[in-house]
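Here's the structure we're looking at; comments come further down.
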Amino acid sequence: NCCDADSSKQPRGLENPQVLATETVFSVSEIEALYELFKKISSAVIDDGLINKEEFQLALFKTNKKESLFADRVFDLFDTKHNGILDFEEFARALSVFHPNAPIDDKIQFSFQLYDLKQQGFIERQEVKQMVVATLAESGMNLSDDVIESIIDKTFEEADTKHDGKIDKEEWRNLVLRHPSLLKNMTLQYLKDITTTFPSFVFHSQVDD
Amino acid sequence: QPTSMNAFKLISMSKGLNLENLFED
């Protein structure tokens, strides 16, 4: 009975692709294709149908030996159930924000949360410095502390229009609307072609579209 | 000039924030 279409035998996390398709920007076929990617990532270390932090890092950096402030932050934002692992629903809902067709406000909100390291509702100078230093270290780039400070000074001069030393959601929104390139990493063109990248989804598909 | 660069532009180039890597082998 290899080809039993009984929906109760759907893979874990993909029991109801129609519901996920309704609540995200993905079509049912795209959800099914995304599940192929999820399977690949979630079976890299432990084949349990869930993505742990190590598997996430492995997929991002192709190595599990790297400590990354950002990979941690992205993982934690994906992990909306806060249990240290990603199920397919969390994965699909989070990646939906990165779809080229996702509303820009969702991208602005997600990026704000990403950079609001301490989740205080604003991005403070110390957090920006921490992220700049982490990015430079990651890419092996060396800038003096003076140069880093002056980059941050200039950024706050522009972004912190209320002059209170922090960037709130409204200021963040204004900044990224003036500089759309700051949101470039919030859109993944791959998601537009996900059904052609993972065509094998058709073998498990529940829909004809 | 690095000082004319927006700090967030720099941060957004971090590998950990570029999720296209998830799709690549």
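Top line first, the protein sequences correspond to chains A and B. Each residue of the first sequence is one higher than the one before, starting from 1 at the first, in the numbering used here. Each residue of the second sequence is one higher than the one before, starting from 1001 at the first, in the numbering used here. For every residue, glycine included, the Cβ atom is placed at its ideal position computed from N, Cα and C.
Subject >> Nearest candidate by alpha-carbon position, reference valine 74 of chain A, set A:Asp48, A:Asn185 and A:Phe203 >> reply: Looking up residue 74 of chain A in the first sequence gives position 74. Checking every option, the nearest Cα to that of valine 74 of chain A belongs to A:Asn185.
**OP:** Could you tell me which chain B residues have their CB closer than 8 Å to the CB of valine 128 of chain A, listed as they occur along the chain?
**Re:** Mapped onto the first sequence, residue 128 of chain A falls at position 128. Chain B residues near valine 128 of chain A: Ala1007, Phe1008 and Ile1011.
Original post:
For glutamate 1024 of chain B, which of helix, strand or coil comes out of DSSP?
Top reply: The sequence position of residue 1024 of chain B within the second sequence is 24, counting from 1. Glutamate 1024 of chain B carries a coil assignment under DSSP once its states are collapsed to helix, strand and coil.
**OP:** Taking only beta-carbon positions, decide if glutamine 120 of chain A is within less than 9 Å of chain B.
**Re:** Residue 120 of chain A sits at position 120 when you count from the first residue of the first sequence. No, glutamine 120 of chain A lies away from the interface with chain B (no Cβ there is under 9 Å from its Cβ).
Original post:
Going by DSSP, which residues form a beta bridge with aspartate 193 of chain A?
Top reply: Indexing the first sequence from 1 puts residue 193 of chain A at position 193. Beta-bridge pairing links aspartate 193 of chain A to no other residue.
Original post:
How is the beta strand (DSSP E) around aspartate 168 of chain A delimited, first residue to last?
Top reply: Translated into positions along the first sequence, residue 168 of chain A becomes position 168. Per DSSP, aspartate 168 of chain A belongs to the beta strand (DSSP E) from 166-168.
Original post:
Beta carbon of leucine 136 of chain A, beta carbon of isoleucine 148 of chain A: below 9 Å?
Top reply: Residue 136 of chain A sits at position 136 when you count from the first residue of the first sequence. Residue 148 of chain A sits at position 148 when you count from the first residue of the first sequence. Yes, they are a contact pair.
Original post:
List, in order along the chain, the chain B residues whose C-beta lies closer than 8 Å to that of alanine 71 of chain A?
Top reply: Residue mapping note: residue 71 of chain A aligns to position 71 of the first sequence, counting from 1. In chain order: Gly1016.
**OP:** Could you round the C-beta distance between isoleucine 41 of chain A and alanine 92 of chain A to whole angstroms and report it? I think they count as a contact, below 8 Å.
**Re:** Indexing the first sequence from 1 puts residue 41 of chain A at position 41. Indexing the first sequence from 1 puts residue 92 of chain A at position 92. About 12 Å separates the two Cβ atoms, so there is no contact after all.
Original post:
Can the beta-carbon of glutamine 95 of chain A be found closer than 9 Å to that of leucine 188 of chain A?
Top reply: Indexing the first sequence from 1 puts residue 95 of chain A at position 95. Indexing the first sequence from 1 puts residue 188 of chain A at position 188. Checking the displayed sequence, the identity of residue 95 of chain A turns out to be leucine instead of glutamine. Taking the C-beta atoms as reference points, leucine 188 of chain A is found nearer than 9 Å to leucine 95 of chain A.
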